[in-house]
Each structure stands twice: as C-alpha cells, then as structure tokens.
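A.B. asks: For the protein sequence lines, the chains are A and B, in the order given. Heads up: the first sequence begins at 165 in the numbering used here, then just goes up one per residue. Heads up: the second sequence begins at 9 in the numbering used here, then just goes up one per residue.
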Amino acid sequence: MPVILAVDDSPSMRKMVSFTLTGAGYQVVEAVDGVDAFEKAQSQSFDLVLTDQNMPRLDGLGLTRKLRDHPLFKTTPILMLTTESSDLMKQAGRAAGATGWLVKPFDPTRLIEVIKKVIR
Amino acid sequence: MAEVHQDSGGSGSDFDLSQFYQIFFEEAGENLDLMEQMLLSLNLETADDEELNGIFRCAHSIKGGAATFGFSDVAELTHQMESLLDKLRRHELKPSSAMVDVLLESADASRALLACHQTGNVGQGPATVDLVGRIRSLVAGDAAGVVVPSKAVEAVVSHPSPVAVDVLPDATLSQVAATADGRRYLLIRLGKLDHLAQADAVAELFRDIPGLGEIKSVTPPDLAPDERVFEVVTTSSNEDLLDLFAFHVAREQVSISELDQTPVNAAPPQNAPVAVAAETATPIAYGFFDGAPGAPQPGAAGQPPAKHAVDAARNSATAPRTSNASAAPPEAATIRVAISKVDQLINLVGELVITQAMLAQNSRALDPAVYQQLLTGLSDLDRNTRDLQESVMSIRMIPMSIVFSRFPRMLRDLANKLGKKVDFVTQGEATELDKGLVEKITDPLTHLVRNSCDHGIEMPEDRIRAGKPETGTITLSAAHQGGSIVIEVRDDGKGMSREKILAKARERGMDVSDQLSDAEVWQLIFAPGFSTAEVVTDVSGRGVGMDVVKRNITSLNGTVEIESVEGYGMKVSVRLPLTLAIMDGMSVGVGNEVYILPLSSVVESFQVRSNAVSTVGQDSRLVKVRDEYMPVIELEKVFLVPRFDTEKTSDMMVVIEADGSRAVLLVDELLGQQQVVVKNLESNYKKVPNVSGATILGDGKVALILDTGALVRRSRH
C-alpha cells in the first residue's frame, strides 16, 4: 500500500486529506509542519509527499528543499498544496525541487485524480 | 493569492465534507482568537516580521479551510483580511490603528458567520460589504505610493475556471503571454548581508528561473562591504521579486528602486514572460513541473533521475532559510477530550477516594503485627489514590490566561468608547484554575474590569488635573494562596468615596451608621440595585451588577473584598477555591449526624463558657468572642436533629465567617479535618436550604456540607 506524507498546519485540512487518501486505499502519515514532516522523513520513506506551503517553523518550500537534499527523497514526488498560485510561487516551487502543485481549495476527487498521476 | 473563487472542482464530489466541519470550526475559532490576541498586542511602531507573519497565517489558514469546506462568505472576508495582512507583512503598507480596528471587526464578523454556519442559520450572519469595502480602501490607500504593477486581482476572482491541464510542457513557458512592454529597469540593493553568498543566491535565481529577467552586479561608489547592488531588467513586480528573494535574504535587507533609464549594456529580456498576466489568463487548479523528480510523463512511468537529482541537489545547496522561529508547538502534544469524559473520570476517582477512606477506617482496628503486609498495602493505596486524584484534578485545570485574554480587546473598545486612556496589565496568567470555575468566574471578572474602566479610571484631562499620568492602568492578577486562587482587579482611578456611598445608602433607605468601618462601607455596593455612578452609562452602571457579581462568586464558595482609597484607586480581590470537586472540610457532630464545614470559612472553635452567652429577645442568643458579639446558630435546631442520648448537649462553638460577617455554630463535637469529595445535592436529590452539597464519609455514611453563607445570613435576620 503506497504511503503518503501529508503535511499541513491546519488540523481540518489534514484530517480531510488524510480521510480522502485513506479512503482511496493509501496509507497516510500526518505532519503538522515542515519540521515535523522532516523528522518523520528521517525514519521512513514515502511514496508521495503532499505539503501545504504556508506553515509555521518550516514552510513547504523549505521542506521540499530539505527533502531533496536527503538521499531517500531525491526522486519522491512532492506536491505543494497552495493558495498562492502566482507563477513565481510555482517557479520557486520548481526551483526548490517540487514535482507539481495543486491549488487550494481543492476537491477530494481532484486530489485523488492528481495523486494517481504520480503514484502508480 | 486571489483565487478564492477559483476552480475547486467542488461540484459532483462523492465526499461528504460536513464531517470535517466541526474540527474546522474549532480550528478557525482558535485562529481567530490567536489573531485577535496578536493584533491587540501589536505595537504599530515596532511590529516585526514574525508578528505580522503570524497574524497573516491565521487569516490565511481560515481562508484556506473556509474555501475548502464551502463557506464562501467567510472565505471572502478572510481573503480580504489576508490581502491587507499580506501587504503589511511585505512592508508595502505601514500598520495603522484603523487597520487593526477593521481587522478586529472582521474577525468578529468571521466568528459570527462561522457561528451561523455551525448552527445552520446560513444567511443570518452580519453583512460584510462594509468591512470588505473598508479593507479594500486600506489596501488600495497606500498602494499608489508603492511601485507595484496592478496584479489584476479582481479579474481572477470572476474568471471562469477552465479545464485543468494535465502536464505542462514547462511550468513557466506554458503560461507565457506575450506582453512586450512590461519591462522594468531596477536597481536592487541587498544589505546588510551576513554572507555575501546570499547575494549570489539571489543572482542565481535569475539564471535558474527562465524568463525572470536579467541581473548584473554593479559597483556604485557608495557600496558598503556588506552590501551588493544589482541592475535588473524584469517584468515581475516588486512584490513577486521580494517573494522570491525571501528564500535567501530577509525582506528588510532588500531595497528596490526604479532606474530612470535603461542601464547600459542591459539586454532586453529575450523571453520575459508576463507571469502575472498569464496567471489571470489561465487559472489552473494543478500542474506538474516538466522534468521535476517524480513528475509523470505521458506514456512513460518513471523518470531518469540522475539529472534531476543533480538539479535538486544544486537547488537545495542554496539552503532553506525559510525556517521560522515563531514555533507554534506541534499540537500533536495535546488531545481534545470531551469534558464529560474528564468529569466521569473525576467522579470515578472520587468514588475510589471514598472506598480508600473506608478501607483505611476499617483497617484501623487491625493488629499491625499480624496484618503488617495488608496495612503496608493500604498505605500505598492511600498514597497512590491521592496522587491519582491530584493528577486527574489537574486535567481540568486550565490557565487563567484563557479568561484574561478576552479583556484587552474589551478594554480597548470600552476605553475608546468612553474617550479614556487605559493600559491593561495582567499578572500570573499561568495560574491554573478548575475549568468549571474559570467558566463561571469570567462574567463577574468582566464586570469588575468594566467597572474599573467605566467608574474607576478618570477622563485623561481629569487625571492630568489630579497630577496623575494621563493613561490609567488596570491590573488583573491571579495567584495561588494556599488552597485558593486570589484574583485581583486593581485600578489607579479615583477610588470610591465613603461619603457618597453612605449618602447613597441612606437615599435608598438603608440603615447605616457613620461608625461603619471602611471595609463595611465598601461592602454596601454589593447590595442589590446599588450603583454609585452619578450618570448611568450604557457600559456598566445600570444598577445591576455588583450584587450579581457577589452572588456568583459566593455561589462558587468564594469571597470578594474591596480596598479603596479615594483619589488613588481601588482593588477588588476575589478568592476562590481551586476546584469545586474536592474541598478541605471540618467535620462536626450533632447528635448522630455529621456535618462538614468548608475549612476556608472556619475561623476558630472553643468550648462554651456559659457566662459568655446572653439571650436576646425570645430565642436569639449572642456570644461575646474577643469583645465582639456574634449570633449563635444551633445546628440541632436548624436541622431538627433527633436526640437519642439526652445526656449529651452541644457544648462546642465554631466561629464561621462568610460575606464579611461572622456567626457562631453550636455543635456537640469536632470530629476532624479531611478532604471531602463534593457531591451535588441538587442533581442527586434536590436543593436543601443551608446545605451546599453532600459527601460520603469513610464509613460509607452521607454527610451534608453546610452552606455557611446562608447560615450567616439567616443568623443576621
């Protein structure tokens, strides 16, 4: 069963994402911000990382950079969930090493649709 | 930024999002509280990035959730707040008190809207058109002074959502719209830098990001050693550039100015995309970066990772500087539990304490030599039970900051309304108190604080005339003292006038003498309907209030004391037990009955000396204790205790104090002091006069806990 790391500082978003993914047959590990996520990534590899951008302590871009620096996460798909969809934000995401982005708000069906494109 | 209304694919979903509403409501409430708190403590002059980012994040988070869960009115309002806060955190606008006002009002409105969604009264929330308009004009107000090309935000909002594009050939180029004339020539100064490599990282961005523009390092004559200056040709706005640079240098280290002419040698950008314009043209709900690690490719399952790993490594070499020290602790450290579960636990521990007490009592007769192991076990049980009880009680304990935090906002509004200047100081916010008590003490405290501001603190000009600082101070403090918590509301206002209160009391037909001590005079203001305000304001002086405050506090087994010096201010001290679930009691025997007195109201006890008791009238008796006459209450008569042992008579006296008055209880004997688990009599039986509750004793018998306040009042009539 593919394992997804879902990172968001908002409990309701985390719960929604986690519920949606679990229902679609994925296993989900939740993290409350970039620092928490990076800690969890030390001991486990994931098939996909879904991260919010705006979070306390370490944001999505920062997390993406740190993960890409880690041998386990060189090629892991990392999707940014963001309300900030300006092109430069996307380019910053790209420069940080993100795989793609998904604009908030999104619908659970859409989320799964996107995830299926990167996890097989 | 502005895609609240953008394609969310919200229709046709099989998922029921309503199951997440509750958690969202709680989370949004917390975010609103936090935002309010941060706004109130925001110093307009010295606001730092961390504070502004924190406030921004609250609005941002609510907006995201509200949009996801379909609360579009909340999303719209918080979106506007976010826009304003975004400008503030980018230092494009300077925070003003008008902004704080409108943000606070918007937070209130958001709260009201959320409450409507929560209760299903959609559409009954407050109108937000005015707020939205005010925020927009604040956002626009200073925008003219900042060189930012219009982002056409509105266009996004109303734009129809197109079908999502699966995989973009290139995230940047795919969204290029050719607008040749967006070029800007800028001078960007970076400094003071800790490491000059930061500047190189910024310059590298222009190489890494196709279409961002051209950058060239220049050396102006005034270049400081920790500065770097670049000439830049770009089509991006300052805002977007700052956003991008923020990964390497702090915002305040960047200064951007427009060059008034084309820099020499600067080639016009070849493929400069108008990223912003492109965004408005194609709002896309998601996308992948071509060639990025893990990105899907049409027809191919995997990625040749080597090149991208190198890319990624290079990108990450320019290190994450975005880590924010503001460290909201991960809330995984706490769990939410229904209060009923905690109460159930407390109840069970209460039963355990009683069982343990019964075992302890029954084992007293056992011979220690024979039952040594059993007795050791019982004493361990005693200790463990007490520890367990303490731990369980502490679950219900919450810090006073929960109550205190609501006052700054209230005082700010109130002081503004009254035209007064007030500083609010809190002390001992970390002091913990039982949740039930916290909830019940909030209203009385609110009243006291309002009173201080309304009646205590003078108008600024009066204060100056009285030789005081123009700004008054109201201090709210909490501290543990023994088994109680003492909460004080102090102000440096005009205090109370003894003469005015006495005059007012007489006016109201109360029989008061001039001989009353100050403390007794101050207690007069707790009389029902007593208000000393000469002009009744709509704030606190309707003549109801202090008596309600007093009654509420008394019902929590608490006391209120006032100290006041005319011209210098006053202090109201509220003393409360830490919890209502257990109590230190003194057990007294009358006939075969055992009664419990709250230890906090017991002053002293002594053997009856017949010469000290005098009879007044038909059956009132007084006793003289240390030159003070006190009414005697015979518990035997109050509770009609049957006498089987006619030899025995009541010959112990216990002085109790409540509401500032004293009385003497006549009992047979003092049985001892113990902690008792308070059981509510009303919920288990019914309200009984002079009794505040019941407990179960070690031997399994029920003992009534006396309502000392009611007994003292009764004796005074």
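Each residue gets a CB set at the ideal place from its N, CA and C atoms; glycine is no exception. Everything numeric in this text was worked out from a predicted model, so none of it was measured.
Whose CA, out of B/143, B/534, B/637, B/205, lies closest to the CA of residue 109 of chain B?
C.D. replies: B/143
A.B. asks: From the beta carbon of residue 208 of chain A, is the nearest beta carbon of chain B less than 8 Å away?
C.D. replies: Residue-level contact check: residue 208 of chain A does not touch chain B, since none of the beta carbons of chain B fall below 8 Å from its beta carbon.
A.B. asks: What residue does the alpha helix (DSSP H) around residue 393 of chain B start on, and which one ends it?
C.D. replies: 380-403
A.B. asks: Which residues in the same chain as residue 69 of chain B place their Cβ atom closer than 6 Å to its Cβ, once the five residues preceding and following it in sequence are excluded?
C.D. replies: 39
A.B. asks: Apart from the five residues just before and just after residue 573 of chain B, which ones in its own chain have a Cβ nearer than 6 Å to its Cβ?
C.D. replies: 503
A.B. asks: So is residue 189 of chain A in contact with chain B if we call contact Cβ pairs under 8 Å?
C.D. replies: no
A.B. asks: On a Cα-Cα basis, can you pick out the residue from B/411, B/112, B/710, B/195 that is closest to residue 264 of chain B?
C.D. replies: Comparing C-alpha distances from residue 264 of chain B to each of B/411, B/112, B/710, B/195 shows the shortest one belongs to B/195.
A.B. asks: At which residue ranges does the region 435-514 of chain B contain complete alpha helix (DSSP H) runs of 4 or more residues, listed in the order of the chain?
C.D. replies: 443-459, 468-473
A.B. asks: Tell me, please, whether the CB atom of residue 192 of chain B is closer than 8 Å to any CB atom in chain A?
C.D. replies: no
A.B. asks: What beta strand (DSSP E) runs, 3 residues minimum, are completely inside the region 621-680 of chain B?
C.D. replies: 621-624, 628-633, 636-642, 660-666, 669-675
A.B. asks: Is the shortest distance between the beta-carbon of residue 255 of chain B and the beta-carbons of chain A less than 8 Å?
C.D. replies: yes
A.B. asks: With 9 Å as the limit, tell me which residues of the region 485-502 of chain B have their beta carbon closer than that to any beta carbon of chain A; keep them in chain order.
C.D. replies: none
A.B. asks: Short of 7 Å in beta carbon distance, which residues of its chain neighbour residue 488 of chain B, apart from the five on each side in sequence? Order them along the chain.
C.D. replies: So the list reads 439, once near-sequence residues are dropped.
A.B. asks: Going straight from the alpha carbon of residue 169 of chain A to that of residue 450 of chain B, what length do you get?
C.D. replies: 42 Å
A.B. asks: Can you find a CB in chain B that lies within less than 8 Å of the CB of residue 176 of chain A?
C.D. replies: yes
A.B. asks: Report all residues from its chain with a CB closer than 6 Å to the CB of residue 291 of chain A; omit the five preceding and five following residues, and keep chain order.
C.D. replies: The displayed coordinates of chain A run from 165 to 284. Any statement about residue 291 of chain A would go beyond what the structure contains.
A.B. asks: How is residue 29 of chain B classed by DSSP in three states: helix, strand or coil?
C.D. replies: It is helical.
A.B. asks: With C-beta atoms as the reference, is residue 198 of chain A less than 8 Å away from residue 227 of chain A?
C.D. replies: Contact flag set, yes.
A.B. asks: So is residue 58 of chain B buried or exposed if we call it buried at 16+ other beta carbons inside 10 Å?
C.D. replies: exposed
A.B. asks: I'd like to know if the region 92-109 of chain B and the region 71-79 of chain B are in contact, where contact means that at least 3 CB-CB pairs between them fall below 8 Å.
C.D. replies: With the cut-off at 8 Å, the region 92-109 of chain B and the region 71-79 of chain B do not touch.
A.B. asks: With a Cβ-Cβ cutoff of 8 Å, do residue 181 of chain A and residue 214 of chain A count as a contact?
C.D. replies: yes
A.B. asks: Determine which residues of the region 448-466 of chain B have a Cβ less than 9 Å from any Cβ of chain A, and write them out in chain order.
C.D. replies: Answer set for the region 448-466 of chain B: empty.
A.B. asks: Considering Cα atoms alone, identify which of B/410, B/54, B/426 is closest to residue 445 of chain B.
C.D. replies: Of B/410, B/54, B/426, the residue nearest in Cα terms is B/410.
A.B. asks: Where residue 115 of chain B and residue 44 of chain B are concerned, what is the direct C-alpha to C-alpha distance, given to the nearest angstrom?
C.D. replies: 7 Å
A.B. asks: Who pairs with residue 294 of chain B in a beta bridge, going by DSSP?
C.D. replies: A/266
A.B. asks: Is it true that the region 714-724 of chain B meets the region 695-702 of chain B, where meeting means three or more beta-carbon pairs spaced less than 8 Å apart?
C.D. replies: When Cβ pairs closer than 8 Å are counted between the two stretches, the region 714-724 of chain B is seen to touch the region 695-702 of chain B, the count reaching three or more.
A.B. asks: Is there at least one Cβ from chain A nearer than 8 Å to residue 75 of chain B's Cβ?
C.D. replies: yes
A.B. asks: Identify every run of the alpha helix (DSSP H) within the region 546-599 of chain B, keeping only runs that are complete inside it and at least 4 residues long; order them along the chain.
C.D. replies: 554-563
A.B. asks: To which residues of the same chain is residue 412 of chain B closer than 7 Å at the C-beta, ignoring the five residues directly before and after it?
C.D. replies: 434, 437, 484
A.B. asks: Should residue 238 of chain A be flagged as near chain B, meaning a C-beta pair shorter than 8 Å?
C.D. replies: yes
A.B. asks: Can you confirm whether residue 31 of chain B, when its beta carbon is compared against all beta carbons of chain A, has any partner nearer than 8 Å?
C.D. replies: yes
A.B. asks: Would you tell me roughly how many angstroms separate the C-alpha atoms of residue 220 of chain B and residue 242 of chain B, rounded to the nearest one?
C.D. replies: Roughly 6 Å separates the two Cα atoms.
A.B. asks: Look up residue 257 of chain A in the DSSP assignment and say whether it is helix, strand or coil.
C.D. replies: helix
A.B. asks: Within the 8 Å Cβ cut-off, does residue 161 of chain B reach chain A?
C.D. replies: Because residue 161 of chain B sits at a pLDDT of 35, beneath the cut-off of 50, its placement in the model cannot be relied upon, and the point is left open.
A.B. asks: Could you please give the first and the last residue of the uninterrupted beta strand (DSSP E) stretch that includes residue 266 of chain B?
C.D. replies: 262-266
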